[in-house]
Every structure is written in structure tokens, then in C-alpha cells.
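These protein sequences, in sequence, are chains A and B.
Once you know that position 56 of the first sequence is 68 in the working numbering, the rest is easy, because the numbers rise by one and skip nothing.
Once you know that position 310 of the second sequence is 344 in the working numbering, the rest is easy, because the numbers rise by one and skip nothing.
Cβ atoms here follow ideal geometry from the backbone N, Cα and C, with glycine treated the same way.
Note that the structure is predicted; figures quoted are calculated from it, not measured.
Beneath this line is the structure, given in C-alpha cells, with notes to follow.
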Amino acid sequence: MKDKSFSWLGGICAVLGMLIVLTPYCIFPVCTKMMQLEGGSFAPMKCFWTARSVLGNGSIIILAGIMTCLCRTYALRAALGVMASAAGMVVVLTPSFLIGVCAGETMRCRMQTAPSLYLLGLLTIVCGLALAWRSARMARKG
Amino acid sequence: MMSRLSPFSLVIGNIARKPFRTFILSSLVAVFCMAMFAGTVIGLKISTGTQLAADRLGADILFVPYGYEKSVQSSLLRGEPSSFYMDRGLVGELRGEKGVLRVTEQLFLATLKASCCSYPVQIIGFNPKTDFVVTPWMNQSLNRAMNENEVVAGCKISGNPGETIRLFGREFSIAAKLDPTGMGFDTSVFMEVDRARRLLLDSELGLLLRIPEGLDKSTFISSVLVKAEPGTDVTSLVNGLSEKYAIRYNLDFTAIADMISSISSKLSVFASVFRMFSAAVWVLAVMILAFVFTIILQERKKEFGILRIVGASKGHVRRLFVGEALLTSCMGAFCGVVLAALALGLFHTYIDVTLNLPRIGIGFGKTLLIGAGVFVMGLVTGPLACLPLLRKLGSIDSYLIMKEGE
């Protein structure tokens, strides 16, 4: 059962999750200004909500990564891999489809935050799938 | 059941047995490929993209108020909003000059950065009767005159034809969307020059914008674009016109080709540094791999000796060694090219804005060709590094090796 590759993959997942959480707040922060509505009141923009959603998904990925390093059963590791992949997919879909980012092409949330999230999300999907595939393979071998 | 032993399965097995070593060696090749791919793509973009932008602009000479040459560059090439004004009298005077084929004026208005989502937009007022710069991009999307409250939006402005857009507190109907140009036009809004001037003067914000004292408020413009007659030497035309009008109108004169070539030459230094860095990484990669393979060869002498005893020829052992190097390089080269392509694709706007490049891609075909070239260079890195060791590998004496340490 002592296979270092699981610790590696789990560790990479946790680091990717950490980067996903930090991207919209520290690394490439989303826009901080408020949008003025027709009635005159102010409201946060799309990218603010994207950042919130990504914070949640990133935390799930961190948890999946840490759990992979700690748990011992292959079935559970496979499930954690699938969970990390699914969360990675949501990270990709949030700025592109589910919520979106601001409309201006040269605004920093669109120019920096969203591409970073796509890249990190894709890497998480690959890492999670690799984890699930390796766990399933090891389970079959017994 | 045991699987059949083949050179390929041996290569795979050997690589899988040392994942950390494989990861480090592949990473080295990947870093080289990433640097090489990014450097080549950005270098090509600098050399061809800026020239293409000049060709697409369609004008040969640009006249702007003194001190605003940089602003108009950013505005035309990248759509960064700016406002500056000059007298319209120059347009009429230029029409009579020898070597001048067409003259048109433009008026630039920048909306204010009120909040993040109502981001600043460049409004360009143009004269449909004389224009030869904007109209060619509009011909397919609008084949009639624009109404008073109609605008044409660049392809990246949100909103579709028929919808409304709010500018300076007024609603305008989008008559058409411009074809993609890869320049600042993509993020600009176009309206007739007189309408744009009235919009500026009527709005409260007009007072905040820099309209110099003494300018006729009913005719001021921002820039004049000139198309030279075919066969005319643009540089001597610019020199002649600058002598005549520069001081009188307080102007900055620039030949578009010169402006573009000055941008290109500044940026090509950056591209050269990038290419030198990738060449250094490649040499370093070959040297490190050669060093690591020498150590590996020392470590695995017994293994190769056994292979020779069980019947493997010198060629088989060599192929096994080169095969491992090739597969390691292959993984590194593939990951490097894919990651670099992904990063360049995702961050293209950020790169263009940071390097002040027009947003013109080099095309999928060229990118694919560069990717393939870099991949092949990465692929040969490993085998090239183990070439000096092949002779040594062939001279392994199985009997002496097996006797070592007894």
C-alpha cells in the first residue's frame, strides 16, 4: 500500500488547490470596484462572485489532495481523484460559463485571473484523473 | 502470465522504475521547449504582427497634435482610450499637396473610467465621405449611411446590432459590428465625426477633456490620416509636409511604416534575448543530460553486461540506452510545447498588452509548424546527449564487469 506516487499526486492536487484559492485574491486579484446599477445603487461585479465560487472549489481540491496523502484504501483514493477532477472542471467552467468575468477584454479579471484559473483547473483535472486511474489500476492488481 | 520481453517494454520498464529521475530529466527538456516555443512565437508576432497592423491601417502618414504620437499609437494599435485635439484646417491644405492621394480626419473621444464594468471605451469619429481607414472594415457589415443616433461597434464591444449602448449618458443604437481587425478598432465605437464632436461638447464631461484654447469648437479634430500616391517616397513626403506645417499647426508627423518599424526594432531586442536564453537552456540541457547519462552508464554497467550475456547484441544495448533517452526527451518536449502553447493561448491578451503589441495572431498553421519544430529539437536533445557514450557502451566487457567486486 505504500506507494509514493499517491503522496506526489495528492501533494500536487493540494498545491494546485492552494493556487486556485490564492489566484483571485492574491496572485491575480479580480476587480475590486463596484458596478453602478440603473437605480443608482452599487453591486459587486461578476468576477467577485467567480472568486467566491473558486474559493469554495479550491478548498475542496486542497481537501481531496490532503485526504489522498492520508487515506490508505484505493477505492477512496480513486473517489478523491474523481472529486478533484470534478472540482477542477467547475473551476474552469465558473469564469467561462457558469458565472463569467467582466466584459472588457483588457480588464485584469479577464486578462489574468480567468486564464490562470483555466490553466490551474485543467492541471487539476489531469492530476485528479491520473490519481483515479492509478488507484483503480492498483485496486485491480490487489 | 509474464509479458514478452521486448526492447520497447524494457525501455518503458526502466523509465517507470525511476520516476523521479525521469521527471527531472524530462522537466529540463520541457523548460527548453517552453522557452524556445514562446520565444519564437512572440518573436514572429513582433516582426509580422506590427507590420500587418500597419498594412491593415491603410494610411501612410499620420498627423497628430505635438506630443501625442504615443497616444495615437496605443489608440490605433491597441484601442487604449485617449483624447487630444487639433485644428481641422490642415485637412483642406493637405488635399492640395503633390503626392497626396487621400486625406481623412478622425476625432478621438475616451469615455471616463467610471467603474470597473463600465470600462473606458475609445469612441472614434470618422468622416464617411472621405474615410479610407475604417470604412473597408465596415463594408460587409453596413451598406447604408448611419443615422444620427447610430454607431458601429468594434467586434469586441459587447452588444449586437439593434441593441443599444450607453455613451456619455446617451443611448445609441448599434447599427453594425465591425469585422475583426486585430487592432484598436476591435474595442472602439465609431460614429460620424460631427456627431462625435457634438456629443463631446454637449456632455458635461466635455469640459474635463483637453480641448486647447483657441481651437474652433465646431471643427476641431484629433488626427489626420494621409494616403500617398502610389510610387511616392513617403519619407520625403513627410519631410516636405513637416517643413511646411509642423510649426504652424504644432504637429507631430509620423510615417506609419517608420512608427511600426520603431516599435518592431524595440521589441525585437526582447525577442532576441528570449531566443538567446532558450539556446542557452538547450546547451545546458544537453550538457546536464550528458552528465547524468554518464553516471547512469556507470551505475548500470552490470545490467548491460547481463543483457550481453543473455544474448543481446551491442546494437541492442545501444538502442536500449538511446531509446530511454529518446522517450525521456519525447515526454519533456511534448509537455513543454503543450504547456507553452496553452499558456500563450490563454494569456495572449495579457502578453499583447504588456508588450504593447497589436492583437494580431500569427495563425494556427505557423504556430503548429513552430510547435513541431521545437518538439523535434527537444526530441533529439536526449539522444544527442548520449551520443558520446555509445562507443563506451559498445566496449563493455561482460566477463570483467561481472567479475568486478568479487
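State yes or no: is the C-beta of Val66 of chain A within less than 9 Å of the C-beta of Val27 of chain A? Taking the C-beta atoms as reference points, Val27 of chain A is found no nearer than 9 Å to Val66 of chain A.
From which residue to which residue does the beta strand (DSSP E) around Pro99 of chain B run? Boundaries of the beta strand (DSSP E) harbouring Pro99 of chain B: Ile95 to Pro99, taken from the DSSP string.
Relative to the C-alpha of Met180 of chain B, which candidate in B:Ala346, B:Ala209 and B:Lys336 has its C-alpha closest? Of the candidates B:Ala346, B:Ala209 and B:Lys336, the one whose C-alpha sits nearest the C-alpha of Met180 of chain B is B:Ala209.
Which residues, in order along the stretch 358–378 of chain B, keep a beta-carbon less than 8 Å from a beta-carbon of chain A? Listed by position, the residues of the stretch 358–378 of chain B near chain A (Cβ gap below 8 Å) are Leu376 and Ala377.
Can you list, in chain order, the residues of the stretch 95–128 of chain A whose Cβ is nearer than 7 Å to any Cβ on chain B? When CB distances to chain B are screened at a threshold of 7 Å, the residues of the stretch 95–128 of chain A falling below it are Cys114, Ala115, Gly116, Glu117, Thr118, Met119, Met123, Gln124 and Pro127, in chain order.
Helix, strand or coil: how does DSSP classify Ala346 of chain B here? Ala346 of chain B carries a coil assignment under DSSP once its states are collapsed to helix, strand and coil.
Just how far apart, CA to CA, sit Asp165 of chain B and Leu235 of chain B? Straight across, the Cα-Cα distance linking Asp165 of chain B with Leu235 of chain B is about 23 Å.
Less than 9 Å separating the beta-carbons of Ala76 of chain A and Gly52 of chain A? Going by C-beta atoms, Ala76 of chain A is not nearer than 9 Å to Gly52 of chain A.
Cross-chain neighbours of Leu380 of chain B in chain A, by beta carbon under 7 Å: Using a Cβ-Cβ cut-off of 7 Å, Leu380 of chain B is close to Pro127, Tyr130 and Leu131 of chain A, given in chain order.
Consider the Cβ of Ser17 of chain A: report whether some Cβ of chain B lies at a distance smaller than 9 Å. Among the residues facing chain B, Ser17 of chain A is included, as its CB has a counterpart in that chain under 9 Å away.
If we ignore side chains and look at the alpha-carbon of each, how far apart do Val260 of chain B and Tyr102 of chain B end up? Distance from the CA atom of Val260 of chain B to the CA atom of Tyr102 of chain B, rounded to whole angstroms, is 17 Å.
Look up Arg232 of chain B in the DSSP assignment and give the residues it is bridged to. For Arg232 of chain B, which the question treats as bridged, DSSP gives no partner whatsoever.
Starting from Glu226 of chain B and walking both ways along the beta strand (DSSP E), at which residues does that stretch end? Where Glu226 of chain B is concerned, the enclosing beta strand (DSSP E) stretches over Ser222 to Glu226.
In the DSSP assignment, find the alpha helix (DSSP H) that holds Arg200 of chain B and state where it starts and stops. Unbroken run through Arg200 of chain B is the beta strand (DSSP E), Thr198 to Leu201; no alpha helix (DSSP H).
Could one say the Cβ of Leu134 of chain A lies closer than 9 Å to chain B's Cβ atoms, at least one of them? Cβ-Cβ to chain B under 9 Å: yes for Leu134 of chain A.
Under 9 Å between C-beta atoms, does Pro53 of chain B make it to chain A? Yes, contact with chain A.
Quick check on the burial criterion: 16 or more other C-beta atoms within 10 angstroms. Buried or exposed for Ile86 of chain A? Here the sequence assigns Tyr to residue 86 of chain A, which means Ile is not the residue at that position. Flag for Tyr86 of chain A reads buried.
Please confirm whether Ala419 of chain B and Met321 of chain B have their CB atoms less than 9 Å apart. Between Ala419 of chain B and Met321 of chain B, the gap from beta carbon to beta carbon is short of 9 Å.
Same chain only: Cβ atoms within 8 Å of Met101 of chain A, ignoring 5 sequence neighbours per side: Hits under 8 Å: Gly133 and Ile137.
Following the continuous beta strand (DSSP E) through Val268 of chain B, name the residue where it begins and the one where it ends. Note, Val268 of chain B: premise wrong, no beta strand (DSSP E); alpha helix (DSSP H) at Val268 to Tyr283.
For Arg129 of chain B, the first and last residue of its enclosing beta strand (DSSP E): Element bounds for Arg129 of chain B: not the beta strand (DSSP E) but the alpha helix (DSSP H), Gly123 to Arg129.
Residue ranges of each alpha helix (DSSP H) run of no fewer than 4 residues wholly in the stretch 364–389 of chain B, ordered along the chain? For the stretch 364–389 of chain B, whole alpha helix (DSSP H) runs of length 4 or above, ordered along the chain, are 382–388.
Roughly how many whole angstroms lie between the Cα atoms of Arg105 of chain B and Val168 of chain B? Residue identity check: residue 105 of chain B is Ser in the sequence provided, not Arg. Taking the straight line from one Cα to the other gives about 19 Å.
Per the DSSP calculation, Gly159 of chain B is bridged to which residue(s)? Answer is B:Leu141 and B:Met225, bridged to Gly159 of chain B.
Test item: CB-CB of Phe18 of chain A and Arg152 of chain A under 9 Å: No, the Cβ-Cβ distance between Phe18 of chain A and Arg152 of chain A is not below 9 Å.
How would you call Cys59 of chain A, buried or exposed, if buried means at least 16 neighbouring beta carbons within 10 angstroms? When all chains shown are included, Cys59 of chain A counts as buried.
Reducing DSSP to helix, strand and coil, say where Phe355 of chain B ends up. In the three-state DSSP reduction, Phe355 of chain B falls in the helix class (H, G or I).
Decide if Met310 of chain B is buried, meaning its Cβ has at least 16 other Cβ atoms within 10 Å, or exposed. Using a 10 angstroms sphere on the CB of Met310 of chain B, the tally of other CB atoms stays under 16, which defines it as exposed.
From which residue to which residue does the beta strand (DSSP E) around Thr208 of chain B run? The question names Thr, but residue 208 of chain B in the sequence shown is Ile. That run of the beta strand (DSSP E) goes Arg204 to Lys211.
Under the DSSP definition of a beta bridge, which residues are partnered with Asp286 of chain B? The secondary-structure analysis by DSSP pairs Asp286 of chain B across a beta bridge with B:Val98.
Got a sec: is the Cβ-Cβ distance from Tyr102 of chain B to anything in chain E below 9 Å? The structure shown contains no chain E; the protein chains it does contain are A and B.
My output table needs one value for Ser116 of chain B: the three-state DSSP class, helix, strand or coil. Assignment of Ser116 of chain B by DSSP, reduced to helix, strand and coil, places it in the coil class.
Thinking just about the alpha-carbon of each residue, which of A:Gly140, A:Met79, A:Thr118 and A:Gly70 is nearest to the one in Leu34 of chain A? Among A:Gly140, A:Met79, A:Thr118 and A:Gly70, the Cα nearest to that of Leu34 of chain A belongs to A:Gly70.
State buried or exposed for Gly73 of chain B, treating a residue as buried only when at least 16 other CB atoms are found within 10 Å of its CB. So Gly73 of chain B counts as buried.
Quick check: Ser192 of chain B and Ala115 of chain A, are their CB atoms within less than 9 Å of each other? At the C-beta level, Ser192 of chain B and Ala115 of chain A come within 9 Å of one another.
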